[in-house]
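In order, the protein sequence lines correspond to chains E and R.
Numbered according to our numbering, the first sequence spans residues 544 to 823.
Numbered according to our numbering, the second sequence spans residues 4 to 320.
Heads up, the beta-carbon is just placed ideally off N, CA and C, and yes, glycines get one too.
Quick notes on the structure that follows.
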Amino acid sequence: MAIVRTRPVARGAQYVALAGYMVFLGFPLFYLLMASLKSTQQLASLDVWIFPRTLTWSNFSEALASQGIVRATANTAVVSLITTLVVTVVALPASYAMARFRGRLRMIGTGYILVSQVFPVILIIIPLFLILRTINLNDSLIGLTLVYVTFCLPFALWMLQGFVAAVPVSLEEAAAMDGASRFTMLRTVVFPLLVPGVVATAMFTFVSAWNEFFFALVLLQSPENFTLSRSLALFVGAEGQVRLGPLAAGAVLASIPSLVFFAILQRRLTGGLLSGAVKG
Amino acid sequence: MTTVTQTPPPVPLPAATPPSPRRTSRRVVARRKEVAALVIPSLIPILVFSVAPLLNGVYLAFTDATLSRNSSNAFTGFGQFSKLLGDTLFLQSFKIGMIWAVSVTLLQLVAGLGLALLLNANLRLQGVTRLLALIPWAMPPVVVAIMWKMLYNPNSGPVNGVVRLFDPGFALDWLGSFGTALPAAIVVGVWVGMPQTSITLLAGLQQIPDELVEAAEMDGAGTWSRFVHVTLPALRPVITSITSLNFIWNFNSFGLVYVLTEGGPGGQTMLPMLFAYNEAFKYRDIAYAAAMGNVMVLVVVVLLMFYLWTQVRGERD
């Protein structure tokens, strides 16, 4: 496309459009950031000025002090970390099998990932809720972690098998020639080469668990078990009683891990992650 | 968890290890054992916590199950479904779900394609734009909803703030008024889903060989006709798969609108998933909610098949 010349007028129009997209994409978060630094008076007034009239850091300290946000952050971090750990350890061997022993296994795996998209989560959460209730794991972070592991697995599998497929088979054959068993070979040859892919998959899994809301809403009932999304959603219902400043501050804090991980993942999200799907 | 699987369908690649013709049956057995050892740790949680509940959930629609612990779960055949057909509130919610899913998917495609074309046009500031495009994709849906509620806030929100520059005294409650709640929610839906659509389309655009476009230019084709006759046809498979997936995700979406409006005002934004959630966990009628889930699956499958059929037919012409 680059070689095709563009007239200056068209170029100008393109920049105007690009600027429009940048504002549409970026302004909401910018506004949230600014709101988290505004005073209560400014947020309650009709003042359209986007910047804080006086910098108010107390919104953050208030958000952290009240509302069980610290507890919820710890819960979310623990659940997301354990989910990430288990998913990575469990998915790594299976993704190797999917990538190397192609055929039926791969077809079933891909088929399941696609079919599972069509079913609304309501069909899964009702029986899951009943199962977890009978083993007393509803309203518990262990139960929630179990559910997250199950729901992060298919995508992690698919992402990882793409990275495995990129490791040349010849390396494995060489190790096999030297008499290494399959598992020694996996440990010493394949897995070290997969580290960047594993890190990317782990980050994506972490963000998925960190951001999740629906399962947390259905399963968690006691406030001491709430995750960040669950407890932030609660304050929206209690509008009028909750001041916007601390709510904005809490919302900013809750987004930081996801935004940071996605920024690190950027290249893989724009290239690696989707290229396999599009190239065909 | 919709965020987990938000990527177009994987396309099978050619086999990397062609089966050797000299395989002995003993080697096959050993290999099967290896595969089983590798796969079972993943397979068990998926079977126990995903496949089995899913089948059970489909079945529950044919019973009279409730959320109470001593529910009888007696088989009732199609009783729940005939009840659904007479439920005007549910039919209304289905209609709203369709309006929501179709308009969000279409706008995501149009806006996403626009952004993808700009990102493919060798402009400055592309890096920054790509980074900005990650924001809606990365943020937790609950935070997105909170943020947009603040943007739409009738008093302090910047949306009304801008309108007030021209019309002082303007104080429309976008998310709380009958006519505007659904369109306002649709804008948020587009904001959330557009980046992924455009990144996918961008990957598709980069696959189009430069020669194709150049040849069209040699033939004297203008920008518009190059777009219609070269770019769009080449992009068609990618467009088909991303719109299909977007439609499924949008029709089944829950968290965003639940936090934005809780289905209000007066059910104006009551998407089918919100309706089913209320039936199951507010009114404890899980069989009825499961029946709604089944109907949703059926409708999505029928619509998708029709859409894919028109696409395949169009490609043949």
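| Asked | Found |
| --- | --- |
| Distance between TYR564/E and MET276/R (C-alpha atoms, nearest Å) | 30 Å |
| C-beta contact flag for GLY115/R and LEU204/R at 7 Å | yes |
| Inter-residue Cα distance where the pair is PHE169/R and TYR574/E | 21 Å |
| Host alpha helix (DSSP H) of VAL195/R (start-end) | 184-210 |
| ILE47/R, buried or exposed, once every other Cβ within 10 Å from all chains shown has been counted against 16 | exposed |
| C-beta atoms of PRO143/R and SER772/E nearer than 7 Å | yes |
| Alpha-carbon spacing of GLY196/R relative to THR69/R, whole angstroms | 35 Å |
| Counted within 10 angstroms of its Cβ, other Cβ atoms place VAL305/R as buried (16 or more) or exposed | exposed |
| Best match in PHE757/E, PRO739/E and GLY654/E for proximity to LEU687/E [C-alpha to C-alpha] | PHE757/E |
| Minimum Cβ-Cβ distance from THR6/R to chain E less than 7 Å | Note that THR6/R has pLDDT 41, beneath the 50 cutoff, so the model's placement of it is unreliable and no number is given. |
| Alpha-carbon spacing of PRO44/R relative to PHE594/E, whole angstroms | 52 Å |
| DSSP three-state assignment for THR226/R, whether helix, strand or coil | helix |
| Between the CA atoms of ALA104/R and GLN314/R - distance to the nearest angstrom | 19 Å |
| Buried or exposed (CB count within 10 angstroms, at least 16 for buried), ILE49/R | buried |
| Span of the alpha helix (DSSP H), counted from its first residue to its last, around ARG133/R | 129-141 |
| Cutoff 8 Å; reference LEU175/R; Cβ partners in own chain excluding five residues on either side | PRO157, ASN163, VAL166 and THR183 |
| Among MET150/R, LEU126/R, VAL145/R and VAL262/R, the one whose alpha carbon lies nearest that of ALA553/E | LEU126/R |
| Where ILE593/E meets chain R, residues with beta-carbon distance less than 9 Å | PRO161 and GLY164 |
| As assigned by DSSP and simplified to three states, the class of PHE78/R | strand |
| Contact with chain R by ILE799/E, beta-carbon distance below 7 Å | no |
| VAL38/R versus LEU775/E, LEU736/E and PRO636/E, residue with shortest Cα-Cα distance | PRO636/E |
| DSSP three-state assignment for THR313/R, whether helix, strand or coil | helix |
| Residue environment, ASP721/E, which counts as buried when at least 16 other CB atoms sit within 10 Å | exposed |
| is_contact[ARG730/E, chain R] using C-beta, thresh 7 Å | no |
| Which listed residue (VAL633/E, ARG647/E, ARG643/E and ALA718/E) has its alpha carbon closest to that of CYS695/E | VAL633/E |
| Minimum C-alpha distance to LEU112/R - residue among VAL260/R, PHE250/R and GLU265/R | PHE250/R |
| Alpha-carbon spacing of ARG287/R relative to SER71/R, whole angstroms | 7 Å |
| Those residues which DSSP pairs with THR66/R across a bridge | PHE78/R |
| Min CB distance PHE805/E to chain R below 7 Å | yes |
| Cβ-based neighbour list, TRP753/E, same chain, cut-off 7 Å, excluding 5 preceding and 5 following | THR619, SER623, PRO800 and SER801 |
| ARG786/E in three-state terms, based on DSSP | coil |
| Interfacial residues, the segment 748-775 of chain E to chain R, with Cβ spacing under 9 Å | THR748, VAL750, SER751, ALA752, TRP753, ASN754, GLU755, PHE756, PHE757, PHE758, LEU760, VAL761, LEU771, SER772, ARG773 and LEU775 |
| CB contact flag (ALA283/R, ALA292/R, <7 Å) | yes |
| Span separating the alpha-carbon of LEU787/E from that of TYR261/R | 19 Å |
| Run of the alpha helix (DSSP H) containing ARG45/R, from where it starts to where it stops | The sequence shown places Ser at residue 45/R, rather than the Arg named in the question. Segment 28-49, the alpha helix (DSSP H) holding SER45/R. |
| Beta-carbon neighbours of THR79/R, restricted to chain E and to distances below 9 Å | Simply none; closest approach about 16 Å. |
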